[in-house]
Amino acid sequence: MCMIAPLNPHTDIGVAEGTGTKTYCTDTARYDPANQGRLPTNFFTDAKYAQWGTPGVNEVRQITGCINPSSLSRLNPSDQGGQFDSSGQGNDGVPSQSFCILPGNNVRGFYVQLVEPAENRFCIRCCTKNADCDHTHDTAGCEVAVPGYYGPSCS
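Going by our numbering, the sequence shown opens with residue 348, and the numbers climb by one from there.
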């Protein structure tokens, strides 16, 4: 699994939208070591994968769960969090031209990712249709923007 994180150490998610980002991946998902960072093995503490809809028509896949933000130096553990998505900045995405790749290299046109270090929480949703990826609740948090399982270990 990969996710977008700030390029610079100890940076708030909202600040990173303007100062730069980088993709960080687990060892099994990392395919471009020169351009992708490595997520520590203890970064994800609990997660659940879900999918529904018809592939290529109205498919939605998401991962929700808990993180150990202090294990990734790019995150500020006290940051309330923020959102990266495919619809920001004139539908070019934040970061620019970002997208979601699923198993089998199936690219989905739309995604939303929230990282909430202070809540030890993350969520990622990939969608065939833009309407199925809620980009409008970036300040409401994962539980509103990407409802799902967040486990007892997030707190």
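By construction, the Cβ of each residue, glycine as well, lies at the ideal position given by its N, Cα and C atoms.
This one's a predicted model, so the numbers in the text were calculated from it and none came from an experiment.
Residues bridged to residue i by DSSP?
i	result
Ile351	Thr370
Gly429	Val462
Thr411	Lys395, Cys470
Leu419	Paired residue(s): none; Leu419 is not in a bridge.
Thr358	Leu422
Considering only C-alpha positions, which residue in the set the options is nearest to residue i?
i	options	result
Arg408	Thr375, Ala397, Pro416	Ala397
Lys395	Thr373, Cys349, Cys413, Ser445	Cys413
Thr483	Thr475, Gly400, Ser433, Cys501	Ser433
Gly403	Ala381, Asn355, Lys476, Thr388	Lys476
Which residues in the same chain have their Cβ closer than 6 Å to the Cβ of residue i, if we skip the five residues on either side of it in sequence?
i	result
Val462	Ile360, Gly428, Phe469
Thr425	The sequence given here has Ser at residue 425, not Thr. Hits under 6 Å: Ala465.
Gly367	Leu354
Tell me which same chain residues have a C-beta within less than 8 Å of the C-beta of residue i, skipping the five on either side of it?
i	result
Ala376	Met348, Cys349
Val493	Gln409, Thr411, Val459, Leu461, Cys470, Ile471, Arg472, Asp481
On the three-state DSSP scale, how would you describe residue i?
i	result
Glu463	strand
Gly384	strand
Cys480	coil
Ser500	helix
Gly365	helix
Go to residue i, then tell me how far its alpha helix (DSSP H) extends in each direction, as first and last residue.
i	result
Glu406	First-last for Glu406: undefined, no H or E at that position.
Ala492	489 to 492
Could you pull the start and end residues of the beta strand (DSSP E) that residue i belongs to?
i	result
Arg377	Looking at the DSSP string, Arg377 is not in any beta strand (DSSP E), and its letter there is neither H nor E.
Whose C-beta lies closer than 7 Å to the C-beta of residue i among residues of the same chain, with five residues either side of it excluded?
i	result
Pro416	Leu422, Pro424, Pro464, Asn467
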